[in-house]
Amino acid sequence: MTRANGKKAGQKIIQGVKKQRKKWSFKSKINAFIEALELSRRQQKVEHLRKILEEIREDAEKLPSVTEAVTTSHEEEDLD
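Counting in this note's numbering, the sequence shown runs from 4 upward without gaps.
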């Protein structure tokens, strides 16, 4: 992120906090910022977990199905 983009993002956050402070009646700007940071942190955690689950799903799709694994195992036993 460039410095200019970071500044724009910061300004958007400040404006959003000001709106939410009025809408939700936060006691102070500090409380509104704390809530915004906590929400951002939760969203980052959710996104991180979503990525992990997606990787697991993709890896699981590469594995043979249980039916295929059992069939192959039985075929190998029959050959022995």
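The beta carbon of each residue, even a glycine, is placed where N, CA and C say it ideally should be. Remember, it's a predicted structure, so these values are computed and weren't measured experimentally.
Whole-Å CB distance - residue i paired with residue j, under 8 Å assumed
i, j, result
"isoleucine 16", "alanine 35", "Between alanine 35 and isoleucine 16 the Cβ distance is about 10 Å, and since that is not below 8 Å, they are no contact."
Inter-residue Cα distance where the pair is residue i and residue j
i, j, result
"serine 28", "glutamine 14", "21 Å"
"glycine 19", "lysine 54", "27 Å"
"lysine 11", "glutamate 50", "23 Å"
"isoleucine 37", "lysine 25", "15 Å"
"glutamate 78", "leucine 66", "18 Å"
Q) Unbroken alpha helix (DSSP H) runs of length 4 or more, entirely within the stretch 15-39: which are they? A) none
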